[in-house]
Each structure stands twice: as C-alpha cells, then as structure tokens.
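All residue numbers for the sequence shown refer to the working numbering, where the first residue is 72 and numbers rise by one. Virtual Cβ for every residue (Gly too), placed ideally from N, Cα, C. None of these values were measured; they are calculated from a predicted model. Below you'll find the structure, written out as structure tokens, and then a few comments.
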Amino acid sequence: MRSESCSGYAFGDSDVAVKRLRLVAEVFEPEMVSFLSCVQVRPHLAVDLGCGPGYTTRLAAEILRPERTVGFDASDRFIQMARAEPRDGVEYFRHDVTTTLFPVGPADLMFCHLLLPHLRDPAAALCTWARQLGPTGLLLIDEVSNIRTTQPIFQRYLDMVEKVMVERGGHLYAGKVVAQLDAIPGLEMAFSRQVELPVSTAHAAAMFRMNVAVWGRRPTTRDLFPHSSVLEIESELEELTKSTSECEIAWDMHQLIYEASPLKIGI
Ligand SMILES: C[S@@+](CC[C@H](N)C(=O)[O-])C[C@H]1O[C@@H](n2cnc3c(N)ncnc32)[C@H](O)[C@@H]1O
Numbered sequence: 072m073r074s075e076s077c078s079g080y081a082f083g084d085s086d087v088a089v090k091r092l093r094l095v096a097e098v099f100e101p102e103m104v105s106f107l108s109c110v111q112v113r114p115h116l117a118v119d120l121g122c123g124p125g126y127t128t129r130l131a132a133e134i135l136r137p138e139r140t141v142g143f144d145a146s147d148r149f150i151q152m153a154r155a156e157p158r159d160g161v162e163y164f165r166h167d168v169t170t171t172l173f174p175v176g177p178a179d180l181m182f183c184h185l186l187l188p189h190l191r192d193p194a195a196a197l198c199t200w201a202r203q204l205g206p207t208g209l210l211l212i213d214e215v216s217n218i219r220t221t222q223p224i225f226q227r228y229l230d231m232v233e234k235v236m237v238e239r240g241g242h243l244y245a246g247k248v249v250a251q252l253d254a255i256p257g258l259e260m261a262f263s264r265q266v267e268l269p270v271s272t273a274h275a276a277a278m279f280r281m282n283v284a285v286w287g288r289r290p291t292t293r294d295l296f297p298h299s300s301v302l303e304i305e306s307e308l309e310e311l312t313k314s315t316s317e318c319e320i321a322w323d324m325h326q327l328i329y330e331a332s333p334l335k336i337g338i
C-alpha cells in the first residue's frame, strides 16, 4: 500500500534531530499537559502517533495513566532511542501510521502531536485512524495553526521552512488544515480550541537553527534557496540563541478531540 508520508521526515532522525525533539518536548510540555489533562477517562490502550524518541509517549503515559501505552514511529532510530528509556506499561514499535492496521488492535485513545505537517494527506490519515479506534475511542489532535512573530529573522526563517514543507508535500500549519476539513467518516468532533504558546527567543532560535542544520544541507533545498541564504539564516539564528527576549514569538496550537462514531462507518 502506498504510504501517505512525505518523502521522509523533514527534520530527519540524526543526533541534531534528537536534540531538537528534546527541546521541542520541553517547550511544548505546558500546552500538551493542559490538553491531555482535559481527558476525563482512563484509557486501556493509548497510542502515540509519530512518537519520535518517546518524549510525548512518556508524557501521555504519565498524565493519562493508561494500562498500556504504545508509541509508533517510522524511524528505527527513534524507536531504539525510545526503548532505551523504558517505563512500565510503555512500548514502542516501528510502524508507518498512515498505512497498515496498527499491530496492537483498536485503541481507546490516540494522540497526534506535531505529526500531521509531515503527512501528505491529513484527511486520509484521520480516516485511517478512525478505523483503528475502539467503539468509544478518542482521537486527540494537537497541531500548529500559526506562528506569530515580530522578529524579522524568525519571519524570514518561517517563510523558508514553509517552502521546504510544501516542496516535500507537507503543511507547516497543519492545525489550520484540520480546521478546514469536512466531516471525517467515523469521527465526531467533541472538543476544539486554540491555545497560545509563547516561546522565548532563545528557545525558538535554537529549535529553528537545528532544523536548518538538517534541511539546509539537503540537495533539494539548493533548488529553493541559494546556499548563502541558508548559511546566513543559520548564523543569524545562532546569534538569537543568546537573546534574553521573551515576547517575540508565539505558537497558536489547535487542539481537537474527536470521538469514534462507529455507526457513521457502518461497523
Ligand atoms: C515533529 S516529530 C514529533 C514527535 C513527537 N510527536 C513530538 O511531538 O515530539 C514527527 C515524528 O513523526 C514521525 N513520522 C513521520 N511520518 C510518519 C509516519 N508515516 N508514521 C510514523 N511516524 C511518522 C517522524 O519520524 C517523527 O518522529
């Protein structure tokens, strides 16, 4: 079956990518905690879709307290790293979440954080996940709908990364894409809100600089921008990692909870 993933994960699974995801987990933890805490039921099986090295899986296990938590990721390396930090009741499997049936049976809860930007067809992914939910299952989507900044270097970076994502068949602002979807067969929207996440200039610059270090060196990037602009933005971001400013950039997160509605897909 054809995978609906983009041509590989845009930010890779190198040491830099791992370091970046550790910082991402730290920066996004407050909004994830507040979102996951909205769930009132204790799931038997919770699935973390695109779990990376397991930071989000461990957080979901801690907050939701499922009997079993499973993280799926397409990267062997991330799965190995996740397994290197074992927790009771938490398992990880290499699995493309857009293709075949999940190897764990129907889930009571699925959590999708910062994965949809890397999938070609978010609507198709949601339909696939709907079919893997148990009868009263919940699908939690937590994605970026906008990044607002007053810092010109950040704006320049964002304009560049948006082009990189489009070239790979993805969507930087997947939260916006989800907001515009028609009804998804098998899912009923139960909760939807926008949350603002202010991020310090130093943290934003560090995440962005690590991203450029990965996609800026790809041959396909050279077709989009001259290498000199990539080097320039990298060094400008490096400078900003020393900034003490706290109010130059904020992420808008779109948090949605869908409930399984099996009747709508006739099962
Ligand atoms: C931005 S990271 C997010 C990781 C984690 N959810 C978090 O919020 O920190 C996106 C992850 O999705 C994984 N990924 C991308 N496409 C995938 C697919 N089709 N199936 C499974 N994992 C995928 C990547 O390998 C990467 O680890």
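>> Classify T292: buried if its beta carbon has 16 or more other beta carbons within 10 angstroms, exposed otherwise.
In response: Per the 10 Å Cβ criterion, buried.
>> If you measure between the beta carbons of H166 and E138, is that distance less than 9 Å?
In response: With contacts defined as CB atoms closer than 9 Å, H166 and E138 fail to qualify as a contacting pair.
> Taking the alpha-carbon positions, what's the L311 to S216 distance?
Replying inline: 24 Å
> Should M72 be labelled buried (16 or more other beta-carbon atoms within 10 Å of its own) or exposed?
Replying inline: Confidence at M72 is low in this model, with a pLDDT of 39, below 50, so its placement is unreliable and no value can be given for it.
>> Within a Cβ cutoff of 8 Å, which residues of the same chain sit near A201, ignoring the five residues on either side of it in sequence?
In response: Closer than 8 Å at Cβ, skipping near neighbours: L210, I255, P256, G257, L258, Y329, A331 and I336.
> Which whole-angstrom value is the C-beta distance of A145 and A131, which I expect to be below 8 Å?
Replying inline: Actually they are not in contact, since the Cβ atoms of A145 and A131 sit about 18 Å apart, beyond 8 Å.
>> I'd like the span of the beta strand (DSSP E) that includes G142, first residue to last.
In response: In the DSSP assignment, G142 falls within the beta strand (DSSP E) that extends over R139 to D144.
> Just to confirm, are R264 and H325 a CB contact at a threshold of 9 Å?
Replying inline: It is a contact, given that the beta carbons lie within the stated cut-off.
> Would the C-beta of T169 count as close to ligand 1, meaning under 8 Å from any of its heavy atoms?
Replying inline: yes
> If you run the structure through DSSP and keep just helix, strand and coil, what is Q265?
Replying inline: strand
>> What would DSSP say about A192, mapped onto helix, strand or coil?
In response: For the sequence presented, residue 192 should be read as Asp rather than Ala. For D192, the secondary structure class from DSSP, reduced to helix, strand or coil, is coil.
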